[in-house]
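Remarks on the structure that follows.
Here's what the structure looks like:
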């Protein structure tokens, strides 16, 4: 990650962020908050020496055991995390600029954090790609939710939203 200008976001990124419906430009120290997800997601922004903008994306999601009402066996949790990591590796496929990405997935207790960096000369495309990474992490998380457990938030809200978007009212059980 490049050194972040503590005073503000680069002007061209601030303008792009104000036009973007999924981010808020009021984060501290050159950071954008991603508002389109229930997860803790932020994009740190810095100008690189070559005129490009560096977008450092961080998304934290809860483990299954953190959101399941019932106990999740360690072997299930480990299998879920392994599958999540494998699916996250395909994140480069969702960027408009076709970035060669190599995301990092780290677990710390009941939280899993995905980090990735994108560099682009075009601030709008770079910002869109950074948000696409957040969306991909969210979608991958929902895709990996294991049926048969009763879940709390944010899983129930995400599944309800997905069902509503698909025209399925659902019966409240996953």
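In full-length UniProt numbering, the protein residues as written are 1 to 174. Ideal Cβ placement from N, Cα and C applies to all residues, glycine included.
- Task: Taking 7 Å as the cut-off, decide whether the C-beta atoms of residue 116 and residue 101 are in contact.
- Result: Result yes, Cβ atoms of residue 116 and residue 101 sit closer than 7 Å.
- Item | Other residues of its chain near residue 121: CB distance less than 7 Å, five sequence neighbours each side excluded | These residues qualify, in order along the chain: 51 and 52.
- Query: Any idea what DSSP makes of residue 17, helix, strand or coil?
  - Reply: If DSSP states are grouped into helix, strand and coil, residue 17 belongs with the helices.
- What do you get for residue 90, buried or exposed, if any count of 16 or more other CB atoms within 10 angstroms of its CB means buried? It counts as exposed.
- Task: With a cut-off of 8 Å on the beta carbons, I'd call residue 34 and residue 22 a contact; round off their distance for me.
- Result: Yes, they are in contact, since the Cβ atoms of residue 34 and residue 22 sit about 6 Å apart, within 8 Å.
- Task: Starting from residue 32, follow the beta strand (DSSP E) in both directions and report where the run begins and ends.
- Result: Annotation for residue 32: the continuous beta strand (DSSP E) segment containing it runs 31-34.
- Message: Once DSSP output is grouped into helix, strand and coil, what is the label at residue 69?
- Response: When DSSP states are grouped into helix, strand and coil, residue 69 belongs to the coil group.
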